[in-house]
Structures are given as structure tokens and as C-alpha cells.
Amino acid sequence: MLAGQPHDFADTVEVDRPEAIRQFMLDTLGEDGASAFASLKQRIILARDVQTLWYLRTGLMAALCDMHGEQTARDLLARVNEEFEGMLPEGLNSRPSPLSR
């Protein structure tokens, strides 16, 4: 940013948000998960954008299921999904499963 130019907070939020999502996903995976699922951890770290992180939720869900069981994994992934609100095109947003009705 050049001196004398106003700082646009919205731009900072948009830039920081993918990094916050990335960190949230890594935190959700945890240290044990990062060790057990090193390739997933690496893919999360190297993801270039929010959409790539979105698609990595599938691998994260599988890892969480393996570590904690399906119900806990669903609960944890629901929190991850919340982090993506307002960051994705409408067609990529998570929808409730018809199986959960």
C-alpha cells in the first residue's frame, strides 16, 4: 500500500479469509491427523484458492471419520462449512442431505 492511500479493510478480509479457512481446516485435522494424513495436510497447505479448499473437505471428512467416527466428523465438518459462508459461488454451497431428514 502506498503512503497516503486509505487502507480498504474489506480487501484485507478477503485476502485473509482463505488463510483463516486453511488454518481452521488444519486445526480441525489436529496434530495427530496431520501426522496420520500427511498428504491431506500437504494438499490443504498448498491449496491455491478457496474453491480448492472447499473440495478438500471430502478428504478431511474421511480423515475425521477415521479418527473420531462419523457423527463427530459430521459435527466438525459442519463447523468447517460455516467458514466458507459468502466465499463460494452459489452452486458450491453446502446443502442439507436428503438422507438426514
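Residues in the sequence shown are numbered from 326 upward in steps of one, following the working numbering.
Even for Gly, the Cβ is constructed at its ideal location relative to N, Cα and C.
Please read all numbers here as calculations on a predicted model, not as lab measurements.
- Contact between the stretch 397-405 and the stretch 361-368 is absent: fewer than three C-beta pairs spanning the two stretches fall below 8 angstroms.
- Note that the C-beta distance between Gly-384 and Arg-373 is not below 9 angstroms.
- Assignment of Asp-341 by DSSP, reduced to helix, strand and coil, places it in the helix class.
- One thing to note: Leu-354 has its Cβ no nearer than 9 angstroms to the Cβ of Ala-398.
- Between Trp-379 and Leu-351, the C-beta spacing is not below 9 angstroms.
- DSSP, reduced to helix, strand and coil, places Arg-347 within a helical segment of the structure shown.
- Taking 9 angstroms as the cut-off, the Cβ atoms of Val-375 and Phe-409 count as close.
- Contact between Arg-342 and Met-412 holds: their C-beta atoms lie close to 6 angstroms from each other, under 8 angstroms.
- With fewer than 16 neighbouring CB atoms inside 10 Å of its own CB, Leu-371 falls in the exposed class.
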